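Protein chains in written order, with our numbering: chain A, 421 to 992; chain B, 421 to 992.
The C-beta atom is built at its ideal place from N, Cα and C for all residues, glycine as well.
No experiment lies behind these values; they were computed from the predicted model shown.
Below is one structure, written out as structure tokens; the observations come after it.
Protein chains: 2
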Amino acid sequence: MTTIFDAPEDFATTALAGFAAIYSRNVRLVKGGVVRSTKVPKGKVAVVIGGGSGHYPAFAGYVGPGLADAAVAGDVFASPSTAAVARVCRHAEQGGGVLLGFGNYAGDVLNFGLAAERLRAEGIDVRVLPVTDDVASAPAETPAKRRGIAGDLVVFKIAGAAAEAGKSLDEVERLVRLANDRTVSFGVAFGGCTLPGAAGPLFTVPKGQMALGLGIHGEPGVSEERIATASDLAKLLTGKLLAERPAGTKKVAAVLNGLGSTKYEELFVLWTAVAKELAGAGLEIVDPECGEFVTSLDMQGCSLTLLWLDEQLEELWRAPSDAPVMRKGTIIPAEPATDEIVDAEGPQSFGPASEASKESGKCIAQLIAKIADALKEAEEELGRIDAIAGDGDHGQGMRRGSAAALEAAKAAVFAGAGAASVLAAAGDAWADRAGGTSGAIWGLALRSWSNAFSDEEKVSDAAIVKGARLALEGVTRLGRARVGDKTMVDALVPFVETLERETAAGKSFAEAWNAAAKAAQQAANATSSLTPKLGRARPLAEKSIGHPDAGAISLALTARVAGEFLKETADV
Amino acid sequence: MTTIFDAPEDFATTALAGFAAIYSRNVRLVKGGVVRSTKVPKGKVAVVIGGGSGHYPAFAGYVGPGLADAAVAGDVFASPSTAAVARVCRHAEQGGGVLLGFGNYAGDVLNFGLAAERLRAEGIDVRVLPVTDDVASAPAETPAKRRGIAGDLVVFKIAGAAAEAGKSLDEVERLVRLANDRTVSFGVAFGGCTLPGAAGPLFTVPKGQMALGLGIHGEPGVSEERIATASDLAKLLTGKLLAERPAGTKKVAAVLNGLGSTKYEELFVLWTAVAKELAGAGLEIVDPECGEFVTSLDMQGCSLTLLWLDEQLEELWRAPSDAPVMRKGTIIPAEPATDEIVDAEGPQSFGPASEASKESGKCIAQLIAKIADALKEAEEELGRIDAIAGDGDHGQGMRRGSAAALEAAKAAVFAGAGAASVLAAAGDAWADRAGGTSGAIWGLALRSWSNAFSDEEKVSDAAIVKGARLALEGVTRLGRARVGDKTMVDALVPFVETLERETAAGKSFAEAWNAAAKAAQQAANATSSLTPKLGRARPLAEKSIGHPDAGAISLALTARVAGEFLKETADV
Numbered sequence: 421m422t423t424i425f426d427a428p429e430d431f432a433t434t435a436l437a438g439f440a441a442i443y444s445r446n447v448r449l450v451k452g453g454v455v456r457s458t459k460v461p462k463g464k465v466a467v468v469i470g471g472g473s474g475h476y477p478a479f480a481g482y483v484g485p486g487l488a489d490a491a492v493a494g495d496v497f498a499s500p501s502t503a504a505v506a507r508v509c510r511h512a513e514q515g516g517g518v519l520l521g522f523g524n525y526a527g528d529v530l531n532f533g534l535a536a537e538r539l540r541a542e543g544i545d546v547r548v549l550p551v552t553d554d555v556a557s558a559p560a561e562t563p564a565k566r567r568g569i570a571g572d573l574v575v576f577k578i579a580g581a582a583a584e585a586g587k588s589l590d591e592v593e594r595l596v597r598l599a600n601d602r603t604v605s606f607g608v609a610f611g612g613c614t615l616p617g618a619a620g621p622l623f624t625v626p627k628g629q630m631a632l633g634l635g636i637h638g639e640p641g642v643s644e645e646r647i648a649t650a651s652d653l654a655k656l657l658t659g660k661l662l663a664e665r666p667a668g669t670k671k672v673a674a675v676l677n678g679l680g681s682t683k684y685e686e687l688f689v690l691w692t693a694v695a696k697e698l699a700g701a702g703l704e705i706v707d708p709e710c711g712e713f714v715t716s717l718d719m720q721g722c723s724l725t726l727l728w729l730d731e732q733l734e735e736l737w738r739a740p741s742d743a744p745v746m747r748k749g750t751i752i753p754a755e756p757a758t759d760e761i762v763d764a765e766g767p768q769s770f771g772p773a774s775e776a777s778k779e780s781g782k783c784i785a786q787l788i789a790k791i792a793d794a795l796k797e798a799e800e801e802l803g804r805i806d807a808i809a810g811d812g813d814h815g816q817g818m819r820r821g822s823a824a825a826l827e828a829a830k831a832a833v834f835a836g837a838g839a840a841s842v843l844a845a846a847g848d849a850w851a852d853r854a855g856g857t858s859g860a861i862w863g864l865a866l867r868s869w870s871n872a873f874s875d876e877e878k879v880s881d882a883a884i885v886k887g888a889r890l891a892l893e894g895v896t897r898l899g900r901a902r903v904g905d906k907t908m909v910d911a912l913v914p915f916v917e918t919l920e921r922e923t924a925a926g927k928s929f930a931e932a933w934n935a936a937a938k939a940a941q942q943a944a945n946a947t948s949s950l951t952p953k954l955g956r957a958r959p960l961a962e963k964s965i966g967h968p969d970a971g972a973i974s975l976a977l978t979a980r981v982a983g984e985f986l987k988e989t990a991d992v
Numbered sequence: 421m422t423t424i425f426d427a428p429e430d431f432a433t434t435a436l437a438g439f440a441a442i443y444s445r446n447v448r449l450v451k452g453g454v455v456r457s458t459k460v461p462k463g464k465v466a467v468v469i470g471g472g473s474g475h476y477p478a479f480a481g482y483v484g485p486g487l488a489d490a491a492v493a494g495d496v497f498a499s500p501s502t503a504a505v506a507r508v509c510r511h512a513e514q515g516g517g518v519l520l521g522f523g524n525y526a527g528d529v530l531n532f533g534l535a536a537e538r539l540r541a542e543g544i545d546v547r548v549l550p551v552t553d554d555v556a557s558a559p560a561e562t563p564a565k566r567r568g569i570a571g572d573l574v575v576f577k578i579a580g581a582a583a584e585a586g587k588s589l590d591e592v593e594r595l596v597r598l599a600n601d602r603t604v605s606f607g608v609a610f611g612g613c614t615l616p617g618a619a620g621p622l623f624t625v626p627k628g629q630m631a632l633g634l635g636i637h638g639e640p641g642v643s644e645e646r647i648a649t650a651s652d653l654a655k656l657l658t659g660k661l662l663a664e665r666p667a668g669t670k671k672v673a674a675v676l677n678g679l680g681s682t683k684y685e686e687l688f689v690l691w692t693a694v695a696k697e698l699a700g701a702g703l704e705i706v707d708p709e710c711g712e713f714v715t716s717l718d719m720q721g722c723s724l725t726l727l728w729l730d731e732q733l734e735e736l737w738r739a740p741s742d743a744p745v746m747r748k749g750t751i752i753p754a755e756p757a758t759d760e761i762v763d764a765e766g767p768q769s770f771g772p773a774s775e776a777s778k779e780s781g782k783c784i785a786q787l788i789a790k791i792a793d794a795l796k797e798a799e800e801e802l803g804r805i806d807a808i809a810g811d812g813d814h815g816q817g818m819r820r821g822s823a824a825a826l827e828a829a830k831a832a833v834f835a836g837a838g839a840a841s842v843l844a845a846a847g848d849a850w851a852d853r854a855g856g857t858s859g860a861i862w863g864l865a866l867r868s869w870s871n872a873f874s875d876e877e878k879v880s881d882a883a884i885v886k887g888a889r890l891a892l893e894g895v896t897r898l899g900r901a902r903v904g905d906k907t908m909v910d911a912l913v914p915f916v917e918t919l920e921r922e923t924a925a926g927k928s929f930a931e932a933w934n935a936a937a938k939a940a941q942q943a944a945n946a947t948s949s950l951t952p953k954l955g956r957a958r959p960l961a962e963k964s965i966g967h968p969d970a971g972a973i974s975l976a977l978t979a980r981v982a983g984e985f986l987k988e989t990a991d992v
């Protein structure tokens with residue numbers, strides 16, 4: 421959805437004006453486009469690029485030393501007019517002729533072509549290059565029928581570097597045609613884009629599907645498939661492109677391009693898999709780029725572009741450039757670090773332990789296994805509750821933390837640790853792996869609890885009760901929450917107090933525990949019922965440490981699971 | 421929607437690995453984060469920043485000379501663990517102590533704070549700075565309760581520049597606290613974000629509404645309002661921040677931040693309005709930034725951050741930095757251009773014209789007014805048709821083009837132009853303003869048509885018929901489309917042939933025209949009915965020049981409108 425605009429018909433021109441204001445160091449605004457705001461040597465070939473708007477940073481974002489001299493911008497997804505192309509070229513021309521680059525679309529071919537004719541009639545030497553990288557748009561046998569997508573960046577970078585190096589128009593044209601012949605792209609879309617002021621997207625992709633071979637003007641793909649994992653998507657993209665690998669190619673430049681709403685994190689995840697595939701094909705990747713380079717408003721999807729390098733193209737691809745979006749080269753000179761980073765942590769070692777304490781440790785590990793199972797099952801529900809007033813990650817954190825705690829507890833048992841060490845290791849792993857507030861608090865709770873145990877003795881009922889009190893103290897000392905703050909403390913306090921009271925009154929331990937778990941559950945329910953009253957704005961205060969109510973509910977849940985485990989154990 | 425991943429629980433770590441692979445020039449991966457891959461002087465204060473993942477480029481994208489030394493990354497929206505923070509700090513520490521920066525969230529306060537305590541116990545001097553820029557999260561009287569949002573970038577930039585300048589830990593801390601005290605942000609959200617693997621977004625904003633004072637972890641805003649225009653949104657954002665302007669402040673650094681799915685074009689549009697408001701408040705804007713700096717996965721929305729500058733902060737804000745995302749400074753030295761760009765085009769002048777031809781010119785302008793009205797009304801329908809096989813912009817282009825043609829025709833009439841000149845001016849304006857293929861083709865059609873007229877004579881019926889033929893020739897010569905290619909030519913050919921045949925057969929001109937318009941309409945309908953057969957993939961070929969069937973339908977529409985006009989005129 422395109423949401424921010426005044427009048428939709430002014431969207432493209434206002435966006436360009438805002439861009440030029442931000443990047444006044446690089447560009448200045450002219451009617452219909454931007455030209456460099458820095459001096460350009462007389463006689464240098466002018467690289468003028470352009471096309472419709474809505475593809476930022478294409479094309480204005482590529483203007484600067486080492487890349488383009490000017491960019492022409494049409495309306496959203498519409499070719500600039502012949503008059504606009506000619507006008508911007510006249511501003512950029514420095515006596516060395518013009519290399520005019522654009523994506524191979526009917527409207528652009530028409531307007532850039534007519535503008536070139538008009539300029540030639542005025543005595544300016546102009547060469548025209550429609551970029552044709554999209555392998556999905558036509559077969560390899562008819563490359564001239566292919567569309568231009570993110571290959572634009574790659575081809576224009578070669579043009580800019582060649583022109584900056586002072587090469588003649590003939591030579592720049594030769595190199596750019598070579599680059600275009602050796603540039604291939606393939607893309608997928610997960611969702612369409614919406615024009616400013618339009619009520620709905622230009623196309624939609626069914627939920628769970630992806631469109632293969634998308635266009636960048638809302639043109640849907642050539643076929644649809646189920647959305648793949650990142651690994652399979654990497655195989656799909658690289659497979660389509662490697663099919664056109666020229667014999668003997670050993671190096672590639674690569675651009676993994678996001679179309680607008682696909683996030684950088686997603687692109688980085690995909691890049692990890694793409695790099696693996698390319699390396700597997702015996703290719704060396706040179707200066708890869710990963711980000712938004714040719715977008716389609718808020719379209720969701722991505723494309724992979726490869727430039728099959730030879731020596732000359734590699735040099736031009738590596739050359740510095742100083743455009744708003746493609747900044748290659750050094751600003752602050754710094755030598756590569758040479759020290760080796762040692763990140764490995766060896767297996768944990770534990771002190772000696774008695775057989776009785778080891779047995780208790782095993783029992784603790786079994787209990788943590790039950791808790792981890794229960795939290796895995798409750799992940800979605802806890803996330804849903806947390807999302808009401810928090811960021812919805814509580815379920816994930818609890819699942820991760822408890823799984824890591826189980827792993828650590830098992831490792832400790834395997835290493836012959838006693839009860840205190842098993843529980844402490846589980847707590848540390850929970851804190852380290854769950855992340856977030858609740859991870860730190862749960863880790864601290866388990867570690868505090870373990871202080872009531874030892875590695876010499878069997879865990880007694882009294883030690884468990886004492887541990888519960890230590891856990892509560894640790895949590896409240898660090899988290900500074902009190903009863904009524906709608907945190908796990910709301911459930912932990914009645915739990916500990918009931919456990920202490922019932923054991924003092926001589927109840928069996930399993931009975932006392934279950935009474936305590938019940939008290940925790942009641943408190944959690946009460947906290948939960950208050951949630952709507954929290955309103956939509958959760959104030960950030962020290963009081964909000966811990967996840968409101970989701971924390972109380974997960975505590976009650978683990979208390980109940982532990983109670984069932986204790987009952988089973990007691991029954992035996 | 422987060423779409424690209426393998427296992428959701430590995431999303432954050434895989435993304436970080438991919439990022440580190442792309443930016444190996446800047447960073448290297450360590451367990452739980454990244455550190456600079458370049459040498460750092462011994463004794464320099466280490467600026468270590470971090471927080472949950474899902475906020476790219478925060479925080480790994482800020483690592484590099486002039487900015488941060490290392491970044492710690494937790495899981496998505498979850499604080500990194502105490503152990504991870506401490507570990508990354510140990511890698512980054514160079515003997516000058518550590519400035520530890522993070523957003524003011526409970527989990528981060530807890531884990532970064534505990535890590536600082538642990539490091540101090542190891543003899544490392546650590547200062548902790550929670551960023552508190554979000555004015556929506558707590559009142560100005562309790563700044564320590566405010567959350568950290570995009571102000572992170574600004575505060576960390578000051579920290580990085582101060583540390584790079586070799587200042588002591590005391591001095592870096594003083595400057596960073598000053599920067600944090602003088603940094604304010606306010607944001608709005610139009611839509612929520614979705615965690616990797618989650619079925620739905622963390623929150624939703626009702627259609628047409630925006631949430632004020634959003635958080636960056638899916639926390640909804642503090643209130644909701646109708647989505648404003650860009651101008652009103654700029655007033656809202658600047659208003660909230662200017663309310664906290666310290667007395668005497670004359671300069672500000674500004675960051676207009678996109679949250680993920682809000683596009684750069686939208687931000688640039690908004691920036692134009694924001695810059696106006698700030699200038700109106702008498703503020704000089706220093707090195708503004710506009711883009712994605714602190715995101716929230718694919719959240720839709722934006723925030724404005726201002727840093728009230730004093731002399732020292734201005735110097736640090738302007739200082740070069742060489743991180744993956746914030747690259748300030750020069751790569752390729754270039755002097756500012758000094759030549760003045762003259763972009764103005766004077767009012768068009770026309771040759772002498774007879775009164776009869778001027779009368780015809782007026783009539784042409786009236787006809788174009790009818791066509792512009794009809795195309796304005798048909799805009800949405802034409803866009804809808806075009807979206808089936810094209811990019812859905814045909815309606816917009818036709819509306820824009822015809823409106824520009826009308827304006828030019830009226831100006832020409834006002835300037836005393838004859839019939840040929842009025843129509844030619846209208847055609848050129850249509851081509852120049854409509855953009856796209858259809859703009860060029862329609863402009864050419866009108867200009868070709870005008871070649872049958874003159875500025876000396878009244879326009880005769882015969883000249884109109886001849887003009888229609890010239891228009892057809894121009895369009896087919898340039899567009900290379902033939903009947904059956906599903907372009908406007910499908911409608912134009914029967915139109916011209918019928919017009920010629922019926923006038924030759926002695927029909928009244930209005931009758932002949934209406935017969936021709938009917939033939940065009942029939943042909944357009946036939947073309948339109950073929951649309952589904954086009955399939956989902958429109959091949960890029962010279963044949964597809966012109967918008968399939970939408971072009972034919974708009975031609976038939978204008979022919980009908982012209983027919984009605986002729987009939988009215990004939991009736992009088």
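Would you say residue i lies against chain B (beta-carbon separation less than 8 Å)?
i, result
"residue 422 of chain A", "yes"
"residue 728 of chain A", "no"
"residue 671 of chain A", "no"
"residue 720 of chain A", "yes"
"residue 677 of chain A", "no"
"residue 905 of chain A", "no"
"residue 934 of chain A", "no"
"residue 502 of chain A", "yes"
"residue 544 of chain A", "no"
Would you grab the beta carbon distance between residue i and residue j for me? Rounded to a whole angstrom, and I think it's under 8 Å.
i, j, result
"residue 550 of chain A", "residue 522 of chain A", "6 Å"
"residue 544 of chain A", "residue 513 of chain A", "6 Å"
"residue 718 of chain A", "residue 421 of chain A", "6 Å"
"residue 981 of chain B", "residue 790 of chain B", "5 Å"
Against chain A, with Cβ distances strictly below 8 Å, would residue i count as a contact?
i, result
"residue 482 of chain B", "no"
"residue 987 of chain B", "no"
For this session: Any chance you could list the alpha helix (DSSP H) runs of at least 4 consecutive residues sitting entirely within the region 708-766 of chain A, in chain order?
Result: 731-738
For this session: Determine, using beta-carbon pairs with one atom in the region 692-703 of chain B and one in the region 655-665 of chain B, whether at least three such pairs fall under 8 Å.
Result: yes
Problem set entry | At least three beta-carbon pairs within less than 8 Å, the region 524-538 of chain A to the region 569-579 of chain A | no
For this session: Can you check the region 551-625 of chain A for any alpha helix (DSSP H) of at least 4 residues that lies completely inside it and give the ranges in chain order?
Result: 571-584 and 589-601
Exercise. Should the region 731-738 of chain A be called in touch with the region 801-815 of chain A, which here means at least 3 C-beta pairs below 8 Å?
Worked result: no
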